[in-house]
Amino acid sequence: MNLENQNGQLDEEDKPNNNERPNKDSKYARWSLYLRQIISGSQNTRTQQEVVTLNVLLVGGPQTGKSAVGNALLGSLEFSSSLSSRPVTLEPKLCSLSFPAFLRRQGKETALRLRVIDTPAIPNLALTEAEILQNVTTFMSHRSVESVDVLLLVLRADVPLGREVENQLNHTLEVLLGPSWNSHSMIILTHKDQLRGSKLSQTQFLQRGSSVTQRLVEKVENRVYFADVSTKHVWQEGTKLRESILQLTVRNKYSSLQLKQVTIP
95 MNLENQNGQL
105 DEEDKPNNNE
115 RPNKDSKYAR
125 WSLYLRQIIS
135 GSQNTRTQQE
145 VVTLNVLLVG
155 GPQTGKSAVG
165 NALLGSLEFS
175 SSLSSRPVTL
185 EPKLCSLSFP
195 AFLRRQGKET
205 ALRLRVIDTP
215 AIPNLALTEA
225 EILQNVTTFM
235 SHRSVESVDV
245 LLLVLRADVP
255 LGREVENQLN
265 HTLEVLLGPS
275 WNSHSMIILT
285 HKDQLRGSKL
295 SQTQFLQRGS
305 SVTQRLVEKV
315 ENRVYFADVS
325 TKHVWQEGTK
335 LRESILQLTV
345 RNKYSSLQLK
355 QVTIP
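The structure is reproduced here in structure tokens:
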């Protein structure tokens with residue numbers, strides 16, 4: 095997590111012209127001067143506003159909606175997301191976006207800047223675990239990403255996980271982030287329509303789920319979010335997801351997980 099100043103510069107054509115002196119006898123001129131003062135004050139406020147930057151890592155299996163979760167977080171269609179019989183994400187991708195005045199820290203309005211990193215699916219028919227680790231660590235190094243503030247483990251609510259998948263996820267994340275990866279993690283369960291169709295509460299739904307899912311839920315201390323990332327709901331889900339991420343970050347006192355040095359044979 096980084097704190098920095100937000101450069102909220104106006105475009106040249108939008109900047110107030112301070113050398114221009116309006117006629118004070120003109121009602122329009124007085125109104126124009128008033129508007130310029132507001133714009134100038136807004137510009138100064140945005141320039142001085144601090145920014146909390148969070149690195150969010152997306153991890154999950156094929157066709158879980160991992161990239162769609164990234165799009166919901168950013169409120170834009172940055173990541174490729176489509177139905178396919180093969181994994182859509184074969185290379186990591188980083189997209190970032192700032193949300194002005196998203197939170198207050200020490201009594202001051204602070205912007206939230208999310209840097210969301212999408213990763214290849216685990217397990218992956220096209221890539222081995224070693225290749226995934228190599229791709230992710232090389233990518234992060236080239237983009238100067240040294241730590242992860244929040245890990246989102248994206249799973250499908252309608253597909254039970256097998257023990258092999260659980261072992262691979264645990265091993266990959268431990269190699270990448272260390273044994274305490276779960277302390278900064280949340281599980282995102284997509285295909286929320288399965289929950290609605292079951293007419294069960296979230297707790298009941300999880301209790302009736304696979305033992306693998308239950309173990310993962312316990313590992314992340316029951317931090318589970320049921321998400322509907324279909325196109326028509328992606329924007330409203332984004333706000334709730336950002337708030338959940340911020341709550342976890344505050345709980346962890348803005349600490350982060352350092353990426354490990356991975357040696358691939």
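Numbering (the numbering used here), first residue to last: 95 to 359. C-beta atoms are modelled at their ideal positions from N, C-alpha and C, and glycine is treated no differently.
Exposure label - residue i; buried when at least 16 CB within 10 Å
i	result
residue 329	exposed
residue 121	The pLDDT assigned to residue 121 is 47, lower than 50, so where the model puts this residue is not dependable; a value taken from the coordinates is nonetheless given after this. Classification for residue 121: exposed.
residue 219	exposed
residue 307	buried
residue 109	Low per-residue confidence applies at residue 109: pLDDT is 30, beneath 50, and the placement is therefore not dependable enough to give any value.
residue 186	buried
residue 318	buried
residue 343	buried
residue 231	buried
residue 353	buried
residue 138	Low confidence applies to residue 138: its pLDDT is 49, below 50, so where it sits in the model is not reliable, and the reading given next is rough at best. With fewer than 16 other Cβ atoms within 10 Å, it is exposed.
residue 156	buried
residue 171	exposed
residue 336	buried
residue 316	exposed
residue 261	exposed
residue 125	Low confidence applies here, because residue 125 scores a pLDDT of 48, under 50, leaving its location unreliable and the question unanswered by this model.
residue 257	exposed
residue 266	buried
residue 292	exposed
residue 160	buried
residue 234	buried
residue 132	With a pLDDT of only 44 at residue 132, under 50, the local geometry of the prediction cannot be trusted, and no value is derived from it.
residue 117	Because residue 117 sits at a pLDDT of 45, beneath the cut-off of 50, its placement in the model cannot be relied upon, and the point is left open.
Per DSSP, cross-strand counterpart(s) of residue i
i	result
residue 226	DSSP output for residue 226 lists no bridge partner at all.
residue 343	None; residue 343 has no bridge partner.
residue 352	241
residue 93	A question about residue 93 goes unanswered here, because the residues of the chain that appear run from 95 up to 359.
residue 320	283
Cβ distance (whole Å) where residue i is taken to contact residue j below 8 Å
i	j	result
residue 194	residue 205	5 Å
residue 236	residue 351	That belief does not hold up - the Cβ atoms of residue 236 and residue 351 are roughly 19 Å apart, past 8 Å.
residue 245	residue 151	5 Å
residue 95	residue 243	5 Å
residue 215	residue 183	6 Å
residue 296	residue 320	6 Å
residue 167	residue 332	6 Å
residue 208	residue 191	6 Å
residue 146	residue 269	About 28 Å; that fails the 8 Å criterion.
Report yes or no: do three or more beta-carbon pairs, one from the stretch 220-230 and one from the stretch 187-199, lie closer than 8 Å?
no
Runs of beta strand (DSSP E) wholly within the stretch 155-219 (minimum 3 residues, chain order):
187-199 and 202-212
Should the stretch 297-304 be called in touch with the stretch 266-275, which here means at least 3 C-beta pairs below 8 Å?
no
Inter-stretch contact at 8 Å, needing at least 3 Cβ pairs: the stretch 242-251 / the stretch 279-295:
The stretch 242-251 makes contact with the stretch 279-295, as at least three CB pairs between them are under 8 Å.
Can you give, in chain order, each stretch of the beta strand (DSSP E) that sits fully within the stretch 259-314 and has at least 3 residues?
279-284
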